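**Student:** Once you've had a glance at the structure underneath, I'll fire off some questions.
4 protein chains.
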Amino acid sequence: MLRVAVAGASGYAGGEVLRLLLGHPEYRAGRLEIGALTAGANAGTALGALQPHLLPLADRILEETTPEVLAGHDIVFLGLPHGQSGAIAAALSDETVIIDCGADYRLTDAAAWEKYYGSPHAGSWPYGLPELPGGRAKLTGARRIAVPGCYPTVSSVALAPAIAAGIIEPAVNVVAVSGTSGAGRKLDVGLLGSEVMGSVRAYSVAGAHRHTPEIAQNLKAAGGEDVSVSFTPVLAPMPRGILATCTAPVRVDAAQARAVYEKAYADEPFVHLLPEGVLPQTGSVIGSNAITLQVTVDADAGLLVVIGAIDNLTKGTAGAAVQSMNLAVGFDETAGLSTVGVAP
Amino acid sequence: MLRVAVAGASGYAGGEVLRLLLGHPEYRAGRLEIGALTAGANAGTALGALQPHLLPLADRILEETTPEVLAGHDIVFLGLPHGQSGAIAAALSDETVIIDCGADYRLTDAAAWEKYYGSPHAGSWPYGLPELPGGRAKLTGARRIAVPGCYPTVSSVALAPAIAAGIIEPAVNVVAVSGTSGAGRKLDVGLLGSEVMGSVRAYSVAGAHRHTPEIAQNLKAAGGEDVSVSFTPVLAPMPRGILATCTAPVRVDAAQARAVYEKAYADEPFVHLLPEGVLPQTGSVIGSNAITLQVTVDADAGLLVVIGAIDNLTKGTAGAAVQSMNLAVGFDETAGLSTVGVAP
Amino acid sequence: MLRVAVAGASGYAGGEVLRLLLGHPEYRAGRLEIGALTAGANAGTALGALQPHLLPLADRILEETTPEVLAGHDIVFLGLPHGQSGAIAAALSDETVIIDCGADYRLTDAAAWEKYYGSPHAGSWPYGLPELPGGRAKLTGARRIAVPGCYPTVSSVALAPAIAAGIIEPAVNVVAVSGTSGAGRKLDVGLLGSEVMGSVRAYSVAGAHRHTPEIAQNLKAAGGEDVSVSFTPVLAPMPRGILATCTAPVRVDAAQARAVYEKAYADEPFVHLLPEGVLPQTGSVIGSNAITLQVTVDADAGLLVVIGAIDNLTKGTAGAAVQSMNLAVGFDETAGLSTVGVAP
Amino acid sequence: MLRVAVAGASGYAGGEVLRLLLGHPEYRAGRLEIGALTAGANAGTALGALQPHLLPLADRILEETTPEVLAGHDIVFLGLPHGQSGAIAAALSDETVIIDCGADYRLTDAAAWEKYYGSPHAGSWPYGLPELPGGRAKLTGARRIAVPGCYPTVSSVALAPAIAAGIIEPAVNVVAVSGTSGAGRKLDVGLLGSEVMGSVRAYSVAGAHRHTPEIAQNLKAAGGEDVSVSFTPVLAPMPRGILATCTAPVRVDAAQARAVYEKAYADEPFVHLLPEGVLPQTGSVIGSNAITLQVTVDADAGLLVVIGAIDNLTKGTAGAAVQSMNLAVGFDETAGLSTVGVAP
């Protein structure tokens, strides 16, 4: 029996981790137990008041997010504002599997961290994206895991094969349209329903978004030593999903590019290269851990064009966290994760 | 090993049946097999082109909806336009479990059928709503099942206890707001995204909707011999979900009314009476088989007020179909069905 | 030249008043001047940062909402939280036209005010709904005007003719589905885009909503001395619009009911009784000051059914405010107001 | 008195032309008359059944789209499927102002037309985008006008100054997110509300979209002789609006780039360069003829980044048509057009 705690259970990441755990075969079989659920300002409240979709846990009372409450669990998921994971991790046993849905341990480059986050670098942990070259090995048996950002997940999976195969110039351009849950459950006028419905807007353009160096880090690790990344996030009126349009100057034709991707992802359970001509849509991966991709070449413009879709809360956050947990503790990697979306 | 066929696999009901079957423990355990998937105009097409969220079945080719194709299965789900189920049912073995998501066999009253559907009455089958008084017994071991309409499901569950307990006058008023998938995957200008987004509209008002006699039938069966039903359906800009506001002149106070509902649904796995003061929202039951209810009394107006929420495609259609299948063939009633929604 | 001030210019009501004023023929002709724009916490900010759709006023700096700032204007629109209008009104000249978009002066019954708002009753002002029987006369030349609530606007216009003509029992039931802007620009988790998109929910049910006594007051004034009002508001995933379903026990047939409404609204510029069988939709009145109605009878249930649609921010708030201003100062009643919506 | 006809009055473009005409000061002053309204399959229907937001014209009956019906008008707007404008134009007087919202006469290069549209080139007419260098002069007094495509409008206005000033390499990349009305009122499963809500998807990627050569044509005319255009359209769940993210390798810094745009658009009534750091959102320009822009430089990636927002139906179609009409017949260019959006 393994006991799991979720810190930040009142947020979107924590809620999605719980949704997935409630459907996990190890939980259903009674070998995984959901222990402490913690929160900040919401401590003392019943989960049902905050996450009414998690009916089986509706009566659970949120505790405070402290090391004492989280101690005594085998696995701890953290869904906290950045800057808070380090103190908790330091206070827990080295044997505890800590899976951080936040940013604190994603970047290996201290300078990049400090430039983008404006605080001292906490260090880096194994990165929870098994689909990257060499990514799976680092997670097997890991005791500390940094869950990737949502934009870097889809962007890196969309571009890494091309970088690794050397079929593009290392100057990539990503425009990614996201649902609003990516911004978290944050009280911000710009995130009110009245403001977001019926409107799209870009934000943090021209390299200002914190996911920019994370995308660069992943592509460098895939072989793109001198990669430059242009990243534009766009907010769209939907709760979930990211659609990323990724382009880069290309050295091969469409068939050659497709062959690279077919080979790269032939055995990946969650990456689906769609049939030629079929384009990804976020509506097909809601609640699913799948990444759907299409790859082609714009011959006139001389660009590789890769389109990728994920659910930012599932594969982009909590699904990656559960997938990482599975690898860390030796469950089947796909346990509790589906490639079936909820549509329409 | 049981073989399942789905007729109408390119529609929303058929797609949702398949989504639930793919997650069903009997399917995962290899004891349930997904056999023929059929369609009308879409026969010959790969399912992936029509239901891109069902990635594990993407390469399956849709066959024509004929008795020959559907023969040889133990269970056949029908998601067809009304009027087509009878001929298929007649051609299949009496031992085949046929679960009709359409309307053909829902009404017991031939006159009501003819008034609302304008065609001869085909008859009636056991009605797939186990939560109604006596409902479960009719489904255990059944070989023909009529899946309830989506509006009648939530309206009947919301009002039957009050009727059965005699705490209301039998003059009920239901205003139910639905997502667009309830109208099916139909090419209709009024269902285009440009038309429905940012707009709500009523339709089939003043008793014109075909679900009106079905609600009345259920409430009569619950004890409301002389019940009159006012039903107003409203279309809202969301894909899934129904929120029903149900009122009727009341003879008791709020606490007494609540006690009736607590007792009626104490043991129902899918009906959740929310804590006092907490109101249902459709966003909490998306993809879930739960019905969430709140019951109170408007003392000034002298009315019982019951609010209910379901996912019209899950508990309102395909979830009820799978729940009925479970009862019919002896699986655990809740197998493959969840009370956890996908939110936000 | 008349000078206009808008207090609460950073909110949705204030923004909509400004949108309408910018298109008002008196403003275009240079006979109406937009003076002080004030706010609470947002004072000191440029309007363009808060209301980016009002490009011609983008550089205007919001001042603090004080009597001193508002003095010296001929017309003052108030879009303030309730409880704040009285002090401002007391400090301004009796000759100033004050048009309060808030609730403070809507109710004539002090007991009803105190029951629903929990504070001392400030009094009542002429009620800005000229479409009610006798409503227009009270506004002509008025110097203090209480703009109706959004739900009472559509509900009262939908039901007053039936009450006045005595064709219904005075027991009305209103279920009204509203867009999110009706809740104001308020930081509330339940109003975040992630929460509202894809979901509908009821709130303040069973007579708890503050608009309940306002609807009752209007219907009593129309002749329904003993009227009881059941009111259920429902929140839908759209920024604007209200669709009200109004029912009551009826004493006439559909044709007689229709005749009553045709006569009642024959000369009203903003009330449009749609052709028989055509149902209102909110999407047709976005940005418009129109109220669209359909009236029929559900013979089986013995109910009058009236469906009405408005834009809650236009006819439901700011349009009524401008219409009232027009009457108060002697402009054409329809000046600056349109019956043309922005669709799709 | 000038008489105006609108062919294709049942579509989104035609409906928006009528919405703008109803608010046009020349119409209100009685100097512009709305004459024939025509349609294809919808001929014989009342406009109110198809465009219920145009209440003042609800009783107008749609006539058939024939030269005979359209003859005798001074101004004819065409909102027709491509390929149909030529025959009508040929049959009308040379003195009639014909404003084609369709594609037939946009491209000057016959080869580009044939490649993208697969039919013989009809020729080219003055291009209705006065904001392009030299664009206004061609429209003054014109009798035939080709209204630009929606994507080319925002993309060209976003990039032309940079091309003209030589501050970018002529290799531009446009990813533009559009609302669904851009696809027209077309019966297509992929445009159903159930499919588009909650989902974004790319389409016609890698140069396949017909607006690609139109963007290139405009940028070439602005001075980018050898420009290459990568264009990716993305469909988002909203009825209206386009947000374009435009990038290109840059030769100057952010301040220099901004200076170029400030100068280029200083006198344009509909182009608004937002204050530094403020990003465009489509929600601010709904129903408005404004184009809002932000321009900056991503120094790390070496790219100019221009974000632009329009309403695809207003400035992207019908607003441009009315603006062109104003120039053609000598009205004030901005008459009947607003920079005030309907928000939230």
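Protein chains in written order, with the UniProt record's numbering: chain C, 1 to 344; chain G, 1 to 344; chain B, 1 to 344; chain L, 1 to 344.
From the three backbone atoms N, C-alpha and C, an ideal C-beta is built for every residue, glycine too.
Predicted model, so just to flag it, every value in this text is computed and none were measured.
1. What's the C-alpha gap between A162 of chain B and Y116 of chain L?
2. State buried or exposed for S85 of chain L, treating a residue as buried only when at least 16 other CB atoms are found within 10 Å of its CB.
3. Please list the terminal residues of the continuous alpha helix (DSSP H) segment that includes A13 of chain B.
4. Going by DSSP in three states, H272 of chain B sits in which element: helix, strand or coil?
5. Answer yes or no: does any C-beta atom of chain G fall closer than 8 Å to that of P269 of chain C?
6. List the residues of chain B whose Cβ lies closer than 8 Å to the Cβ of A290 of chain L, in chain order.
7. Using a Cβ-Cβ cutoff of 7 Å, what residues of the stretch 173-194 of chain L are near chain C? List them in chain order.
8. Starting from Q294 of chain B, follow its DSSP beta bridges and name the residues at the other end.
9. For a contact defined as C-beta to C-beta under 7 Å, what are the partners of V196 of chain L on chain G?
10. Any residues in the stretch 270-285 of chain L with a beta carbon nearer than 9 Å to a beta carbon of chain C? Which ones, in chain order?
11. Which complete alpha helix (DSSP H) runs does the stretch 135-211 of chain G hold, if anything under 4 residues is left out?
12. When Cβ atoms are compared, which residues of the stretch 241-263 of chain G fall closer than 7 Å to chain B?
13. Residue range of the alpha helix (DSSP H) that E68 of chain B falls in?
14. Are Y127 of chain G and R106 of chain G close, meaning C-beta to C-beta below 8 Å?
15. Assuming A321 of chain G contacts V147 of chain G under a Cβ cut-off of 8 Å, what Cβ separation, rounded to an integer in Å, is found between them?
16. Starting from P25 of chain B, follow the alpha helix (DSSP H) in both directions and report where the run begins and ends.
17. Give the interface partners of P239 of chain G over in chain L, defined as CB-CB distance under 7 Å, in chain order.
18. Inspect the CB distances between the stretch 33-42 of chain B and the stretch 58-73 of chain B and report whether three or more fall short of 8 Å.
19. Could you tell me whether the Cβ atoms of I215 of chain G and Y265 of chain G are closer together than 8 Å?
20. List the residues of chain G that S338 of chain C touches, going by C-beta distances under 8 Å, in chain order.
21. At the level of alpha carbons, what is the spacing between A318 of chain C and V342 of chain G?
22. Check the Cβ-Cβ distances between Y127 of chain L and every residue of chain B, and say whether any is below 8 Å.
23. Which one of L:Y261, L:A208, L:A103 and L:T38 has the shortest CA to CA distance from A71 of chain L?
24. Kindly indicate which three-state DSSP category Y127 of chain C falls into: helix, strand or coil?
25. Who are the near neighbours of L239 of chain C in its chain, counting only those whose CB is closer than 7 Å to its CB and skipping five residues on each side?
26. Would G86 of chain L pass as an interface residue toward chain B - the criterion being a Cβ-Cβ separation below 8 Å?
27. Under 8 Å by Cβ, that's how I've got T108 of chain L and S119 of chain L pegged, so tell me the actual separation to the nearest angstrom.
28. For V4 of chain B, list the residues DSSP reports as bridge partners.
29. Should G207 of chain B and D100 of chain G be called a contact, given that it needs their Cβ atoms to be closer than 8 Å?
30. Using DSSP with H/G/I as helix, E/B as strand and the rest coil, what is V227 of chain L?
31. Grouping DSSP H, G and I as helix and E and B as strand, with all else coil, what is L57 of chain G?
32. I'd like to know whether the C-beta atoms of G336 of chain B and H73 of chain B end up nearer to each other than 8 Å.
33. D300 of chain L touches chain C at which residues, Cβ-Cβ below 7 Å?
34. Mind checking which residues open and close the beta strand (DSSP E) that includes L243 of chain L?
35. Have a look at G287 of chain G and Y27 of chain L and give me their C-alpha separation to the nearest angstrom.
36. In chain G, what lies closer than 9 Å to G341 of chain C by C-beta?
**Tutor:** Walking through what the data contain:
1. The count along the third sequence starts at 1 and reaches residue 162 of chain B at position 162. The count along the fourth sequence starts at 1 and reaches residue 116 of chain L at position 116. Taking the Cα positions, A162 of chain B is about 59 Å away from Y116 of chain L.
2. Here residue 85 of chain L corresponds to residue number 85 of the fourth sequence, with the count starting at 1. Counting the other CB atoms within 10 Å of its CB gives S85 of chain L a total of 16 or more, which places it among the buried residues.
3. Walking along the third sequence from the start, residue 13 of chain B turns up at place 13. Here the alpha helix (DSSP H) through A13 of chain B covers Y12 to L22.
4. Counting from one through the third sequence, the residue named residue 272 of chain B turns up at place 272. If DSSP states are grouped into helix, strand and coil, H272 of chain B belongs with the strands.
5. Counting from one through the first sequence, the residue named residue 269 of chain C turns up at place 269. P269 of chain C does not count as touching chain G.
6. Within the fourth sequence, residue 290 of chain L is the residue found at index 290, counting from 1. Within 8 Å Cβ-Cβ: L55.
7. Answer in chain order: N173, V175, V177 and S194.
8. The residue you call residue 294 of chain B lines up with position 294 of the third sequence. When beta bridges are read from the DSSP output, Q294 of chain B appears opposite B:I307.
9. Walking along the fourth sequence from the start, residue 196 of chain L turns up at place 196. Simply G193.
10. For chain C, the residues of the stretch 270-285 of chain L that bring a beta carbon within less than 9 Å of one of its beta carbons are L279, P280, Q281, T282, G283 and S284, in chain order.
11. Qualifying alpha helix (DSSP H) stretches, in chain order: 135-139, 150-165 and 193-196.
12. The residues in question are G241, L243, T245 and T247.
13. Working through the third sequence from its first residue, we reach residue 68 of chain B at position 68. Residue range P67 to L70 is occupied by the alpha helix (DSSP H) that includes E68 of chain B.
14. Taking the first residue of the second sequence as position 1, residue 127 of chain G is located at position 127. Taking the first residue of the second sequence as position 1, residue 106 of chain G is located at position 106. A contact, by the Cβ cut-off of 8 Å.
15. As a first step, residue 321 of chain G is located in the second sequence; it is residue number 321 there, counting from the start. As a first step, residue 147 of chain G is located in the second sequence; it is residue number 147 there, counting from the start. Contact between A321 of chain G and V147 of chain G holds: CB atoms are separated by about 5 Å, below the 8 Å threshold.
16. Indexing the third sequence from 1 puts residue 25 of chain B at position 25. In the DSSP annotation of this structure, the continuous segment of the alpha helix (DSSP H) that includes P25 of chain B starts and ends at P25 to R28.
17. Here residue 239 of chain G is taken as the residue at index 239 of the second sequence, counted from 1. The contacting residues are S194, M197 and G198.
18. The stretch 33-42 of chain B makes contact with the stretch 58-73 of chain B, as at least three CB pairs between them are under 8 Å.
19. Mapped onto the second sequence, residue 215 of chain G falls at position 215. Mapped onto the second sequence, residue 265 of chain G falls at position 265. No, they are not a contact pair.
20. By one-based count along the first sequence, residue 338 of chain C stands at place 338. Think of a sphere of 8 Å around the beta carbon of S338 of chain C: the chain G residues whose beta carbon falls inside it are L22 and G23, in chain order.
21. One-based indexing of the first sequence puts residue 318 of chain C at position 318. One-based indexing of the second sequence puts residue 342 of chain G at position 342. If I take the Cα positions, the gap works out to 13 Å.
22. The sequence position of residue 127 of chain L within the fourth sequence is 127, counting from 1. Not closer than 8 Å to any Cβ of chain B, the Cβ of Y127 of chain L fails to qualify, so no.
23. As a working mapping, residue 71 of chain L is identified with position 71 in the fourth sequence. With distances taken between CA atoms, A71 of chain L lies nearest to L:T38 out of L:Y261, L:A208, L:A103 and L:T38.
24. Here residue 127 of chain C is taken as the residue at index 127 of the first sequence, counted from 1. In the structure shown, Y127 of chain C adopts extended strand secondary structure according to DSSP, grouped into three states.
25. Here the question's residue 239 of chain C lines up with position 239 in the first sequence. A quick correction: the sequence has Pro, not Leu, at residue 239 of chain C. For P239 of chain C, where only same-chain residues beyond five positions count, the Cβ hits under 7 Å are G179, T180 and S181.
26. Counting from 1 along the fourth sequence, the entry for residue 86 of chain L is found at position 86. Closer than 8 Å: no.
27. As a first step, residue 108 of chain L is located in the fourth sequence; it is residue number 108 there, counting from the start. As a first step, residue 119 of chain L is located in the fourth sequence; it is residue number 119 there, counting from the start. Wrong, their Cβ atoms sit about 16 Å apart, outside the cutoff.
28. Your numbering for residue 4 of chain B matches position 4 in the third sequence. Partner(s): B:I34 and B:I75.
29. Translated into the one-based positions of the third sequence, residue 207 of chain B becomes position 207. Translated into the one-based positions of the second sequence, residue 100 of chain G becomes position 100. Cβ atoms of G207 of chain B and D100 of chain G: not closer than 8 Å.
30. Residue 227 of chain L sits at position 227 when you count from the first residue of the fourth sequence. When DSSP states are grouped into helix, strand and coil, V227 of chain L belongs to the coil group.
31. Numbered from 1 along the second sequence, position 57 holds the residue referred to as residue 57 of chain G. L57 of chain G: helix per DSSP, three-state reduction.
32. Here residue 336 of chain B refers to the residue found at position 336 when the third sequence is read from its first residue. Here residue 73 of chain B refers to the residue found at position 73 when the third sequence is read from its first residue. Taking 8 Å as the Cβ cut-off, G336 of chain B and H73 of chain B do not qualify as a contacting pair.
33. Residue mapping note: residue 300 of chain L aligns to position 300 of the fourth sequence, counting from 1. Those are G207 and S228, listed as they occur along chain C.
34. To locate residue 243 of chain L, count along the fourth sequence from 1; it is residue 243. It spans I242 to P249 - the beta strand (DSSP E) in which L243 of chain L sits, taken as one unbroken run.
35. By 1-based counting over the second sequence, the position of residue 287 of chain G is 287. By 1-based counting over the fourth sequence, the position of residue 27 of chain L is 27. Near 51 Å, if we compare the C-alpha coordinates of Y27 of chain L and G287 of chain G.
36. To locate residue 341 of chain C, count along the first sequence from 1; it is residue 341. Neighbours of G341 of chain C on chain G, chain order: R19, P52, H53, L54 and L55.
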